[in-house]
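Read left to right, the sequence shown gives residues 1 to 392 (full-length UniProt numbering). Just so you know, even glycine gets a beta-carbon here, dropped at the ideal spot from N, CA and C. See structure below.
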Amino acid sequence: MAYNLQTLITILEGILDLDQSRWIVDENNPHLQSLLDKATSLQQLLDKSSLTKLDTQIREVAHRAEDIIESHMVDHILSGSGCVRFTFSTPDLQQVILDLDSLMEQAEKLVEMEDNKMPRELDSAMEQQLKLVEMEDKKMPREVDSAVEEQLKLVEMDDKKMLVGIDADLMQLKDRLNGQQQKREIVPIVGMGEVGKTTLARKLYEDPLIIDHFAYRAWTTISQDYNMRQILKSLLRCITGNECDQCTDELKDTLHKSLYGRKYLIVLDDIWSTKFWDEMRMYFPDNNYGTRIVITTRESDVANHVDSSRSQHQVQLLSESESWNLLRQLVFGEEECPLVLQEIGRKIAKDCGGLRLAISVIGGLLSKMDRSEDVWRKIGNNVIAAIGGSDE
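The structure is reproduced here in structure tokens:
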């Protein structure tokens with residue numbers, strides 16, 4: 001699996017979230033949105049391939065983008081500004097966007113080369129297919145899913161950190177997805193913004209046991225101003241591996257036919273209204289094959305509308321102890337936090353309000369700064385205003 005851009009994507013999505021007030025983004029400045037769009041497009045392309053040749057370049061560009069954003073945050077926090085305002089347009093940020101364009105072009109060419117390999121490589125592919133059949137008979141994880149295993153290795157440490165406080169959630173939801181009920185089941189994951197709904201859903205989606213349990217899996221993000229045609233194309237791309245260039249009604253029919261008679265898992269991330277579900281529900285067939293549809297939403301009313309027969313899974317805020325545990329791991333890893341920083345660190349963690357994204361961002365900043373009492377105390381004095389973690 002090629003280098004994973006999800007950390008950068010998650011940070012940008014949090015900053016650009018219209019429903020939050022922690023970061024202020026100039027409406028007339030399109031650079032951050034452009035950066036998010038390009039990073040997302042590149043990640044989607046990498047997800048469909050096994051490219052590793054661009055790992056170093058992608059990693060460098062992603063880290064450079066994160067450094068630019070985090071340095072901007074640090075400047076505002078240390079200056080005592082009431083909030084972090086993203087109105088900057090720097091040559092460095094513009095260069096990152098250009099570099100992502102270049103990497104996208106290179107990746108597309110490499111994927112095309114992969115698709116046109118010499119026929120002599122078919123022998124190896126056939127050997128792999130035979131192994132798949134043998135492992136299917138033994139109910140072992142499929143070799144075709146090795147890309148997921150490699151991705152998990154690449155982000156293993158970040159995943160372990162971000163899973164603080166949701167281990168029990170994972171176990172409960174995995175039981176529902178792997179349950180014996182054959183009737184199609186809707187699994188709503190509900191919680192406020194930045195609480196970790198998408199992180200939880202992504203971990204379920206990428207779990208090797210879940211992957212092996214379903215014939216088809218598809219993930220798409222809805223959001224407030226969704227484009228139905230793009231959502232349908234995204235779902236079909238996950239299911240068929242191909243790009244479908246049809247009108248919206250034809251795409252709906254294709255989706256239904258592709259899923260009919262199959263045991264599938266669909267994740268609909270970030271649903272805001274009942275309108276989307278009312279328009280889409282009939283295209284997710286229920287043929288008693290044990291299919292599951294996971295939705296994430298901030299609105300309990302939406303979850304009830306989608307399926308009122310089963311209980312919602314509420315994702316809770318992190319406790320003060322869990323918040324400190326996550327922040328400490330992000331900053332120090334396996335090292336011990338110096339005693340002189342523990343009291344300040346606990347206050348910073350508490351002021352993040354139990355939100356994983358806020359803790360992740362602040363933790364990323366602290367990990368790159370001097371581990372001095374003065375620096376941490378200054379951040380501690382300004383963190384509430386910087387991330388909006390309190391009404392005081």
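Secondary structure remark: continuous beta strand (DSSP E) runs of at least 3 residues inside the segment 304 to 387: none found. Within the model, the alpha-carbon separation for Cys247 versus Ile359 is close to 42 Å. If you draw a straight line from the Cα of Leu16 to the Cα of Leu35, it is about 11 Å long.
The DSSP assignment places 216 to 221 and 264 to 271 as complete runs of the beta strand (DSSP E) inside the segment 205 to 272, in order along the chain (cut-off: 3 residues). Contact annotation, Val267 with Gly14: C-beta distance approximately 19 Å; criterion of less than 8 Å not satisfied. For the options Lys263, Val331, Ala65 and Val96, the alpha carbon positioned closest to that of Leu177 is the one of Lys263.
Listed as beta-bridge partners of Pro188 by DSSP are Ile295. By the criterion of a C-beta distance shorter than 7 Å, Ile69 is surrounded in its chain by Ile11, once the five residues flanking it on both sides are discounted. When DSSP states are grouped into helix, strand and coil, Pro91 belongs to the helix group. The C-beta distance from Ala107 to Leu5 rounds to 12 Å, too long to fall under 8 Å, and the pair is not in contact. Here Thr254 is buried. Its C-beta has 16 or more other C-beta atoms within 10 Å. For Leu173, the enclosing alpha helix (DSSP H) has its first and last residue at Asp167 to Leu177.
In the three-state reduction of the DSSP assignment, Tyr289 falls in the coil class.
The Cβ-Cβ distance between Val190 and Thr274 does not fall below 8 Å. Here Pro285 really is in contact with His256; their C-beta atoms are around 6 Å apart, less than 8 Å. A straight-line Cα-Cα distance of about 6 Å links Tyr283 and Lys252. Short of 8 Å from the beta carbon of Lys38, and not among the five residues preceding or following it, lie these beta carbons of its own chain, in chain order: Ile97, Leu100, Asp101 and Met104.
Here the alpha carbon of Ile211 sits roughly 21 Å from the alpha carbon of Asp270.
Taken atom to atom, the span from the alpha-carbon of His313 to that of Gly179 is near 16 Å. In this structure, Trp324 keeps its C-beta atom at 8 Å or more from the C-beta atom of Ile344.
For Phe276, the uninterrupted alpha helix (DSSP H) run begins and ends at Thr274 to Met280, by DSSP. By the 16-neighbour rule on beta-carbons within 10 angstroms, Met280 is buried.
Counting every other CB atom within 10 Å of its CB across the protein chains shown gives Asp167 a total below 16, marking it as exposed. Within a 10 Å sphere around the beta-carbon of Val61 sit 16 or more other beta-carbons, which makes this residue buried.
Closest by C-alpha distance to Asn242, out of Leu365, Leu326 and Asp47, is Asp47. In the DSSP annotation of this structure, the continuous segment of the alpha helix (DSSP H) that includes Gln43 starts and ends at His31 to Asp47. The segment 328 to 345 and the segment 362 to 373 touch, with no fewer than 3 CB-CB distances between them shorter than 8 Å.
Shown here, Lys197 sits in a helix according to DSSP, grouped into three states. Here DSSP, grouped into helix, strand and coil, assigns Leu110 to helix. The DSSP-derived three-state label of Lys203 is helix.
A distance of 8 Å or more separates the beta carbons of Leu235 and Ala215. In this structure, Pro188 sits near Asp307, with a CB-CB distance shorter than 8 Å. Close CB contacts of Glu185 within its chain, under the 6 Å cut and outside five residues either way in sequence, are with Arg292 (chain order). Trp272 and Gln224 do touch by the CB rule: their CB atoms are close to 5 Å apart, below 8 Å. Ranked by Cα distance from Leu317, the options Arg346, Cys337, Val302 and Gly354 are led by Gly354.
A direct Cα-Cα distance of roughly 43 Å separates Ile239 from Glu335.
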